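Below you'll find the structure, written out as structure tokens, and then a few comments.
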Amino acid sequence: MSNVIKIAIVDDNSFLINAIKEKLSFFEDIQFKYSAGNGKEIIQKLEQDKNIDVILMDIEMPVMNGIEATLEIKKRYPQIKIIMLTVFDNDENIFNAIKAGADGYLLKEVDPNGLYQGILETLSGGAAMTPSIALKTLKLLRNPIDFEIVDKEVEEVKLTTREIEVLEQLSKGLSYSVIAENLFLSPSTVRKHIENIYSKLQVHSKLEAVQKAKRNNLI
Numbered sequence: 001m002s003n004v005i006k007i008a009i010v011d012d013n014s015f016l017i018n019a020i021k022e023k024l025s026f027f028e029d030i031q032f033k034y035s036a037g038n039g040k041e042i043i044q045k046l047e048q049d050k051n052i053d054v055i056l057m058d059i060e061m062p063v064m065n066g067i068e069a070t071l072e073i074k075k076r077y078p079q080i081k082i083i084m085l086t087v088f089d090n091d092e093n094i095f096n097a098i099k100a101g102a103d104g105y106l107l108k109e110v111d112p113n114g115l116y117q118g119i120l121e122t123l124s125g126g127a128a129m130t131p132s133i134a135l136k137t138l139k140l141l142r143n144p145i146d147f148e149i150v151d152k153e154v155e156e157v158k159l160t161t162r163e164i165e166v167l168e169q170l171s172k173g174l175s176y177s178v179i180a181e182n183l184f185l186s187p188s189t190v191r192k193h194i195e196n197i198y199s200k201l202q203v204h205s206k207l208e209a210v211q212k213a214k215r216n217n218l219i
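Residues 1 to 219 in UniProt numbering are what the sequence shown spells out, letter by letter.
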């Protein structure tokens, strides 16, 4: 490893990207290379320049979330360390991030020194974790079965062919009106299909619906 640590930041909130950059600006051996607004964009940027040591990755993002991006990046560039940097510390996110190959998991409220030490620890082969995350991870290791039960329940959900078509369009980030036009439906019919999808998958947002559908091979 060279003396300079090359960093990329992935977050759909430009204000938070600047806040992270500001935290890292205190450390002379940190070099910010570039940022991306979602998982798909960071993968495209890595194709152009994969000379990155650490990626600080948000979880909840449009187009492709941080967990999906982590899985893909780890397949292509296993040498790049990925630290999830998020406001979310729920058990399912932690579980899925670790399964995807994340090297660390810090909350965005981490102070500059904590973030810097987490980066150094990860590059040294450790796993940077906010204490509360580490505690949750231990609990998950002791009782890993919960999410398998959740996934099994979702797998048993059946969507109609039309609902799957709507969900596929939704996963591309298209608006209701564009989906309606593409599928020759009225916007109100599209909205009704999406309500049915939310109900069947037991989710409350577009992102959750797409994540669960992909995880269970519905789309």
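For every residue, glycine included, the Cβ atom is placed at its ideal position computed from N, Cα and C. On a predicted model such as this, the values are computed, not experimentally measured, just so you know.
- Fewer than three pairs of CB atoms, one per stretch, sit closer than 8 Å, so the region 132-139 makes no contact with the region 173-182.
- CA-CA distance, S188 to A209, rounds to 19 Å.
- For the pair P112 and K33, the CB atoms are not nearer than the 7 Å cut-off.
- Around the beta carbon of V87, fewer than 16 other beta carbons lie within 10 angstroms, which makes this residue exposed.
- Look at S35 here: in three-state DSSP terms it is strand.
- Counting the other Cβ atoms within 10 Å of the Cβ of A19 gives fewer than 16, which makes it exposed.
- In this structure, DSSP gives V203 a state outside helix and strand, which the three-state scheme calls coil.
- A check of alpha carbon separations from A36 across D29, Q48, S25 and E28 identifies Q48 as the nearest.
- Annotation for L85: the continuous beta strand (DSSP E) segment containing it runs K81 to T86.
- Distance between M84 and I7, taken at the CA atoms: about 13 Å.
- Shown here, I59 sits in coil according to DSSP, grouped into three states, outside any helix or strand.
- Distance from the CA of F184 to the CA of S171, rounded to the nearest whole angstrom, comes to 18 Å.
- Just measuring C-alpha positions, the residue of G39, I9, N65 and I94 sitting nearest I52 is I9.
- No residue range can be given for V4, since it is assigned to no beta strand (DSSP E) and is classified by DSSP as neither H nor E.
- Counting along the chain, no alpha helix (DSSP H) covers Y77, and no H or E run does either.
- In the three-state DSSP reduction, V210 falls in the helix class (H, G or I).
- Following the DSSP letters along the chain, one finds L106 in no alpha helix (DSSP H) but inside the beta strand (DSSP E) bounded by residues G104 to L107.
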